[in-house]
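Numbering (my numbering), first residue to last: 1 to 292. Idealized CB from N, CA, C, for every residue including glycine.
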Amino acid sequence: MTKDIATPVRTREILEKYGFSFKKSLGQNFLIDPNILKKIVSYADLTEESGAIEIGPGIGALTEQLAKSCKKVVAFEIDQRLLPILEDTLQEYPQVTILHQDILEADISTVMKKHFIEQKDVMVVANLPYYVTTPILMKLLHDQIPVRGFVVMMQKEVADRLAAEPGTKEYGSLSIAIQYYTVPEKVMIVPKSVFMPQPNVDSAVVRLTRREQPPVRVTDEEFFFTVTRTSFAQRRKTLLNNLTNGLPDGKIKKDEILAALDSVDIDPQRRGETLSIDEFANLANALHPIFK
Ligand code: SAM
């Protein structure tokens, strides 16, 4: 029986066979521990009927474990050099489709309609390229793709921000966006030693379960996210300062902003990081008529 792709021996063999050199600019740190991969897949709770979307299959280490655990896998890979390698390493798995595409450019919903015809239950499972972790997460969430959730590996420092509570230094507009769409859980810390080449930072696996309904009601989602981003633009400044500097014509509309803050009982001298998601929703709803 062939060894798992992720074993250090087989990974080295594959890399040597194809003379593959890692591109740091594409965040290429491959996992070389089959047990860690199996654990990541287990957090996705896949069944024989499920589908999985992978971002960045590399040489197929995680793809192989996904293929063994569900019915259909679609993986997006940006690096053309990996395509012939994947064709070779994944030849035993006809249920895998590799798409040569930048995930940030992909129309994931259309791809899902085409490839996941029978699968009602689809999870995104990935060891993300760290240089684009946040843009990828934001795209997956804002595109509202019809998946059950995400099990994704990222830098530990970013993972800490996803589930952060108000009043902590990790809490910011990313925490709010993630908690608006999903329930995040940090499920595993992963040491540098299980990657080839080893990254400079520690990693963590996060499970994000998509919410049926957001936890707060907002009049205009886009404006809600504009208000949260603006409120954290300069973390050491007050809410009033960030809102007047960051919202269009904010300085001219200072009195109206003050009245909106007063109407929802938020002290203008507070900092963005002290506001709960509820308070941000109230604030965005109160500011909405002034700016829209
Ligand atoms: N899944 C493999 C593993 O766990 O060993 C490789 C993970 S590696 C951290 C990230 C992968 O994402 C690389 O294969 C890289 O080429 C790919 N990648 C980088 N940027 C991408 C993008 N924008 N769209 C799709 N794939 C990308």
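Quiz prompt | Cβ-based neighbour list, D143, same chain, cut-off 8 Å, excluding 5 preceding and 5 following | solution = As a working note, residue 143 is residue 143 in the sequence shown. Answer for D143: I108 and S109, listed in chain order.
Quiz item: Out of T219, T226 and F280, which has the shortest C-alpha to C-alpha gap to P289?
Solution: Walking along the sequence shown from the start, residue 289 turns up at place 289. Among T219, T226 and F280, the Cα nearest to that of P289 is on T219.
Self-check item: Buried or exposed by the 16-neighbour rule on C-beta atoms within 10 Å, applied to T230
Solution: Locating residue 230 in the sequence shown gives position 230, counting from the first residue. By the neighbour-count definition (other C-beta atoms within 10 Å, threshold 16), T230 is a buried residue.
Practice problem: Identify, in the order they occur along the chain, each residue of the same chain with its Cβ nearer than 7 Å to the Cβ of V74, setting aside the five sequence neighbours on each side. | Solution: In the sequence shown, residue 74 corresponds to position 74, counting from 1. Only I53, T97, L99, V111 and H115 meet the Cβ criterion.
Quiz item: Less than 6 Å between the CB of N200 and some heavy atom of the ligand SAM, yes or no?
Solution: Here the question's residue 200 lines up with position 200 in the sequence shown. No, the ligand SAM has no heavy atom inside 6 Å of this Cβ.
Quiz item: If you draw a straight line from the C-alpha of I103 to the C-alpha of A259, how long is it?
Solution: Residue 103 sits at position 103 when you count from the first residue of the sequence shown. Residue 259 sits at position 259 when you count from the first residue of the sequence shown. Answer to the nearest angstrom: the Cα atoms are 43 Å apart.
Self-check item: Contained alpha helix (DSSP H) runs [length at least 4] in the segment 190-267, N- to C-terminal order
Solution: 221-231, 239-246 and 254-263
Self-check item: Simplified DSSP assignment, three categories, for L275
Solution: As a first step, residue 275 must be located in the sequence shown, where it is residue number 275. Reduced to three states, the DSSP call for L275 is coil.
Quiz item: Between L141, L26 and V125, which lies nearest to E212 when the distance is taken from Cα to Cα?
Solution: In the sequence shown, counting from the first residue as 1, residue 212 sits at position 212. Residue L141 is the option with its Cα nearest to E212.
Quiz item: Does the distance from the CB of Y171 to the CB of E273 come in under 7 Å?
Solution: As a working note, residue 171 is residue 171 in the sequence shown. As a working note, residue 273 is residue 273 in the sequence shown. Yes; because the gap between Cβ atoms is below 7 Å, this pair is in contact.
Quiz item: What whole-angstrom Cβ distance do V151 and V205 have, given they're in contact under 8 Å?
Solution: Counting from one through the sequence shown, the residue named residue 151 turns up at place 151. Counting from one through the sequence shown, the residue named residue 205 turns up at place 205. V151 to V205, Cβ: 6 Å. Contact.
Exercise. Compute every distance between the C-beta of D79 and the non-hydrogen atoms of the ligand SAM, then say whether any falls below 6 Å.
Key: Translated into the one-based positions of the sequence shown, residue 79 becomes position 79. For the ligand SAM, at least one heavy atom lies less than 6 Å from the Cβ of D79.
Exercise. Please determine, among V124, R12 and G27, the residue with the shortest C-alpha to C-alpha distance to R148.
Key: Position 148 of the sequence shown holds residue 148. Nearest option by C-alpha distance: V124.
Quiz prompt | Any non-hydrogen atom of the ligand SAM closer than 6 Å to Q234 Cβ | solution = Against the sequence shown, residue 234 aligns to sequence position 234. No - the ligand SAM has no heavy atom lying nearer than 6 Å to the Cβ of Q234.
Quiz item: Between the Cα of L287 and the Cα atoms of R270, D262 and S276, which residue gives the shortest distance?
Solution: By one-based count along the sequence shown, residue 287 stands at place 287. If we check each option's Cα against that of L287, D262 comes out closest.
Quiz item: When you compare each of E165, K192 and K68 to V183 by their alpha carbons, which one comes out closest?
Solution: Mapped onto the sequence shown, residue 183 falls at position 183. The candidate whose alpha carbon is nearest that of V183 is E165.
Practice problem: Grab me the residues of S69's own chain with a C-beta within less than 6 Å of its C-beta, minus the 5 sequence neighbours each way, in chain order. | Solution: Here residue 69 is taken as the residue at index 69 of the sequence shown, counted from 1. Only V41 and L46 meet the Cβ criterion.
Quiz item: Do the segment 190-209 and the segment 26-37 make contact, defined as three or more Cβ pairs closer than 8 Å?
Solution: yes
Self-check item: Classification of P57 by the beta-carbon crowding that lies within 10 angstroms, buried from 16 upward
Solution: Within the sequence shown, numbered from 1, the residue matching residue 57 stands at position 57. So P57 ends up on the buried side.
Quiz item: Where V9 and K17 are concerned, what is the direct C-alpha to C-alpha distance, given to the nearest angstrom?
Solution: On the sequence shown, residue 9 is found 9 positions in, with the first residue counted as 1. On the sequence shown, residue 17 is found 17 positions in, with the first residue counted as 1. The straight-line gap from Cα to Cα measures roughly 12 Å.
Quiz item: Between G149 and the ligand SAM, is the CB less than 6 Å from at least one heavy atom?
Solution: Position 149 of the sequence shown, counting from 1, holds the residue named residue 149. Every heavy atom of the ligand SAM is 6 Å or more from the Cβ of G149, so no.
Quiz item: With distances taken between CB atoms, is the gap from A281 to V216 smaller than 7 Å?
Solution: Counted from its first residue, the sequence shown places residue 281 at position 281. Counted from its first residue, the sequence shown places residue 216 at position 216. Cβ atoms of A281 and V216: closer than 7 Å.
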